[in-house]
Amino acid sequence: MSFLKNLFHKPPAVEKTEITKRFDLIGRVGQGSMSKVWRARDTFTGNEVAVKVLDKVKMLRFESRFPPELKKPSEGEVAVTFKHPGLVHTLEYGTTTEDEQFLVMEFVEGLGLSYLVDTQNEMMQSGRLRFIVQLAEAIDYFHKEGWIHRDICPRNVLVDPDGVVKLIDFGLVVPNTRPFQAPGNRTGSANYMAPELIKRQRTDQRIDIFSFAVTAFEMFTRELPWDTAETLDAVLQHINQPPKLITEFVPGIDPELGDVLMKGLERDPRDRWQSMSEMVEALRDVRKRLHQQAKARQRKVAKPRPVAPANDEAPRADAQGPAGGPGQGPSGRPGQGPSGGPRKKPSKKPSSGPEGPPKSR
Ligand SMILES: Nc1ncnc2c1ncn2[C@@H]1O[C@H](COP(=O)(O)OP(=O)(O)OP(=O)(O)O)[C@@H](O)[C@H]1O
Ligand SMILES: [Mg+2]
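Quick look at the structure:
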């Protein structure tokens, strides 16, 4: 009898994919801590895609942190539900013939945000605030869909050639519900982790707001708001102190913008922005005002000699960089980079290579 019951209740057979048959693997693009990622051509569709194959052992170890009755959705199940320009588009997910989980995504031909933080190149100088607003909007959407990302950091953000920010890596995502908010699961990237997460307290969307604020701080300053640390205990030691002030690195930053970002770094989640929507609204307001101020300056400068500007990029608020501040010449303030970027300062970051600060998973 029980044999018959089992026969009829057998789970449906899952078709497994032989990755090297289905895809032409063009080259490895990333070695994450939990996966391998390839740039590939899908032989079914002919499309260029990114194929992410998750490490089986590490996945099992991570998933065993959650009681099975919680039914934590897999990275693929979560990722395919997203429809937003700020989140990488996932086309499909499945299981390989080696029993690994895999995801097929749009291939984002672009630069990692970590690279932009490190180099502070022209793209970063001219797009910094726009990228920050886009990333905030992507996280806002993500939260409204009912998830916590848990690993917001420059390593998990790409910027495509059109300057569009793409949040990637949904490997640590959990639903923003009571059972998943329960204390204990200390996964993420150490230097971006909110104090309540490190202290094993209850966590919600506000841990992403904190990580986002650390990321934005770094985008402006090339530094972390607390000294970098190798272990969670060491991070905890640091985080007992208040963060460094963004004005210490970028004295010319618009004061309101500085305040908006610093409020994201409040150590007590009750003092932080409570929702990403609130923070996005505040950021959009600042950006709008800076644009208007830049336009007004442009009109003023243009009045006596009505000559057309050489290019329409010239006086944008973002292009000036908040550090340059309104009304400054192209060389910015003393002690700052030529476009008002962060003050040049020897980096205190560890020489841990492009992968950046340590992870805890
Ligand atoms: N859709 C994509 N298009 C282009 N490159 C991608 C894409 N997805 C991931 N990558 C590259 O692969 C790297 C690793 O991807 P991802 O962060 O998703 O893996 P992970 O193993 O979860 O990473 P980690 O645990 O180190 O954060 C990324 O940093 C990025 O360079
Ligand atoms: Mg990653």
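Under numbering that gives the first Met the number 0, the first residue of the sequence shown carries the number 0, and numbering increases by one thereafter. Cβ atoms here follow ideal geometry from the backbone N, Cα and C, with glycine treated the same way.
- Under a 10 Å Cβ-count criterion, glycine 162 is classified as exposed, with fewer than 16 other Cβ atoms of the shown protein chains found around its own Cβ.
- Excluding sequence positions up to five before and after threonine 44, its CB lies less than 8 Å from no other CB in the same chain.
- Here DSSP, grouped into helix, strand and coil, assigns glutamate 91 to strand.
- Contact annotation, leucine 231 with isoleucine 197: C-beta distance approximately 5 Å; criterion of less than 8 Å satisfied.
- Here threonine 89 has Ala78, Val79, Leu102 and Met104 as same chain residues with Cβ atoms under 6 Å from its own Cβ, once five neighbours each way along the sequence are excluded.
- Going by DSSP, alanine 39 is part of the beta strand (DSSP E) stretching over 34-41.
- At a Cβ-Cβ threshold of 7 Å, arginine 21 and tryptophan 37 do not count as neighbours.
- One thing to note: valine 107 has its Cβ within 7 Å of the Cβ of leucine 157.
- Per the C-alpha coordinates, the member of Arg154, Leu128 and Ile131 positioned closest to glycine 31 is Arg154.
- Looking at Phe219, Glu99, Pro66 and Phe81, the one whose alpha-carbon comes closest to that of threonine 16 is Glu99.
- A residue is called buried once 16 or more other Cβ atoms fall within 10 Å of its Cβ, and valine 56, having fewer, is exposed.
- Taking 8 Å as the upper bound for CB-CB distance, alanine 39 and valine 52 are not in contact here, some 11 Å apart.
- Between the C-alpha atoms of serine 34 and aspartate 54 there is a straight-line separation of about 5 Å.
- DSSP places serine 188 in the strand class (E or B) of the three-state scheme.
- In this structure, the C-beta of serine 32 approaches ligand 1 to less than 6 Å from one of its heavy atoms.
- Contact check for phenylalanine 211 against proline 224 fails: the beta carbons are separated by 7 Å or more.
- The beta carbon of asparagine 175 lies closer than 8 Å to those of His142, Gly145, Trp146, Ile147, Asp203 and Gln204 in the same chain, with the five residues before and after it left out.
- In the DSSP assignment, glutamine 297 falls within the alpha helix (DSSP H) that extends over 275-301.
- In this structure, phenylalanine 219 lies away from valine 259, with their beta-carbon atoms at least 7 Å apart.
- In the three-state DSSP reduction, leucine 115 falls in the helix class (H, G or I).
- Excluding five sequence positions before and after methionine 192, none of the CB atoms of its chain fall closer than 6 Å to its own CB.
- According to the DSSP assignment, leucine 69 belongs to no alpha helix (DSSP H), since it is labelled neither H nor E.
- Contact between asparagine 184 and threonine 227 is ruled out by a C-beta separation of about 23 Å, above the 8 Å threshold.
- For aspartate 23, the pairing in a beta bridge is given by DSSP as Arg40.
- Per the coordinates, the alpha-carbon of alanine 301 lies some 16 Å from the alpha-carbon of histidine 290.
- One alpha carbon belongs to serine 63, the other to proline 268, and they sit about 28 Å apart.
- Remark: the C-beta of methionine 104 is in contact range of ligand 1, defined as less than 6 Å to any heavy atom.
- With a cutoff of 6 Å, aspartate 168 counts as near ligand 1, since its C-beta is closer than that to a heavy atom of the ligand.
- For valine 213, the enclosing alpha helix (DSSP H) starts and ends at 205-220.
- For glutamine 200, same chain residues with a beta-carbon under 6 Å away, outside a window of 5 residues either side, are Pro182 in chain order.
- Minimum Cα-Cα distance from glutamate 74 among the listed residues Ser113, Pro241, Arg288 and Met58 corresponds to Met58.
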